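Using UniProt numbering, the letters of the sequence shown map in sequence onto residues 1 to 285.
We put the beta carbon where it would ideally sit given N, CA and C, even for glycine.
Please read these numbers as outputs of a predicted model, since none were measured by experiment.
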Amino acid sequence: MSRPSSSSSSSTLSPSLSSRSLSRRQLLAGTGAGLSALAAWGLSPLITGGSVATDRPAIVGHRGAEGLAPPNTAAAIRRALEVGVDGIELDVRRTADGELLLFHDPVLDWDSTGQGWVGNTDWDEIRGATIDGEPLIRLPRALETIADANDDVALYLELKETGYTDAVLEEVAAYGLLDRLTIIAFDEEALETAREAGVPIGLIGSVPGPWLADAAASCGADAAFTHYAPHGVSNYVSAAREAGLTAGVWKLVDTKATIRDVLEIDHDVLVTNRPDYAFEVVNEG
């Protein structure tokens, strides 16, 4: 599937793709329509997977499915879809020439065969770099794979830096996936543009506790996401619920034992490198 034209996109928006620009007004109007439709069916825009059961959290593949394939690659996305995830989380950075790259670290050398800082390197210099044998890809390739393969999987895009939220929203809208999108980040500034456009946002924190729920509520977030810790998650989830937030848990939930532990806590979204384990544990009853 190639990047859809404005006439063929299933999005509620009609972006002018030839100019590669999408106005804030268009985003507000289009996103509002999509989210209103979800609300009418009683679905949270943060948990849009049609198969999500009411007695378990949504199961989201971290960086695609990092425990099953190299992170943020087409292979990881395909594996997540094969497992049947409710959502896919991916990391997005911007290259020196403005391309949107799926990559976690700021420096290519740390985790791939590429060299240099992502933000100081053009895509043509990155093209062909691999991570554990799988090529690095840009955001449109991921959106194409998801749009082609599944009609209800939710999309969580973590913005690693500020300044390119509009470009991300434009690409997602072009593939008709805007009504499945949640923008997440550690940095509140990276979330501001998405919030103004009416797109659900989630604040990420590394240490669970009521303070994360307070910070998320203060910045107008719809959700919070925290690392799993046996003695901190329950208080965090309670505070998030009191603040009207979707409560997500991620990282350190990649073994069956830790997944069993976290499933004892009534949270909303489980982000894991091993979504296959999560489904196995759920199916154990």
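Only counting the same chain, and skipping five residues up and downstream in sequence, which positions put a Cβ closer than 8 angstroms to that of residue i?
{"i": "Val83", "result": "Gly61, Ala65, Leu68, Pro275, Asp276 and Phe279"}
{"i": "Gly116", "result": "Val107, Leu108, Asp109 and Glu125"}
Tell me whether residue i is buried or exposed, calling it buried when 16 or more other Cβ atoms sit within 10 Å of its Cβ.
{"i": "Val207", "result": "exposed"}
{"i": "Arg93", "result": "buried"}
{"i": "Trp110", "result": "exposed"}
{"i": "Asn120", "result": "exposed"}
{"i": "Pro106", "result": "exposed"}
{"i": "His231", "result": "exposed"}
{"i": "Gly133", "result": "exposed"}
{"i": "Gly198", "result": "buried"}
{"i": "Asp86", "result": "buried"}
Measure the beta-carbon distance from residue i to residue j and round it to whole angstroms, keeping in mind my assumption that it falls under 8 angstroms.
{"i": "Ser259", "j": "Val237", "result": "The displayed chain sequence assigns Ile, not Ser, to residue 259. Contact doesn't hold; Cβ gap of about 16 angstroms is too wide."}
{"i": "Leu177", "j": "Leu191", "result": "With a Cβ gap of about 18 angstroms, Leu177 and Leu191 do not count as contacting."}
{"i": "residue 290", "j": "Leu81", "result": "Not covered by the structure: residue 290. The range shown for the chain is 1 to 285."}
Where do the N-terminal and C-terminal ends of the beta strand (DSSP E) with residue i fall, by residue?
{"i": "Trp117", "result": "No beta strand (DSSP E) contains Trp117, which DSSP labels as neither H nor E."}
{"i": "Thr226", "result": "Ala223 to His227"}
{"i": "Ala197", "result": "Per DSSP, Ala197 belongs to no beta strand (DSSP E) and is neither H nor E."}
Mind checking who residue i pairs with in its DSSP beta bridge?
{"i": "Tyr156", "result": "Glu89 and Thr182"}
{"i": "Arg138", "result": "Leu101"}
{"i": "Leu203", "result": "Ala185 and Ala224"}
{"i": "Ile131", "result": "Glu134"}
{"i": "Ile59", "result": "Leu270"}
{"i": "Ala247", "result": "Ala224"}
Between residue i and the rest of its own chain, which residues show a CB-CB distance below 7 angstroms, the 5 nearest in sequence each way excluded?
{"i": "Glu188", "result": "Leu203 and Cys219"}
{"i": "Ile137", "result": "Thr73, Ala74 and Leu102"}
Spatial neighbours of residue i within its chain, please: CB distance less than 6 angstroms, with the 5 preceding and 5 following residues excluded, ordered by chain position.
{"i": "Arg20", "result": "Unreliable positioning characterises Arg20 in this predicted model, as indicated by a pLDDT of 35, which lies under 50. A coordinate reading is not provided."}
{"i": "Gly114", "result": "Leu108, Ile126 and Ala129"}
For residue i, report the span of its alpha helix (DSSP H) as first-last.
{"i": "Thr272", "result": "Counting along the chain, Thr272 falls outside any alpha helix (DSSP H), though it belongs to the beta strand (DSSP E) covering Val269 to Thr272."}
{"i": "Glu280", "result": "Pro275 to Asn283"}
{"i": "Trp211", "result": "Pro210 to Ser218"}
{"i": "Ala167", "result": "Thr165 to Ala174"}
{"i": "Leu263", "result": "Lys256 to Leu263"}
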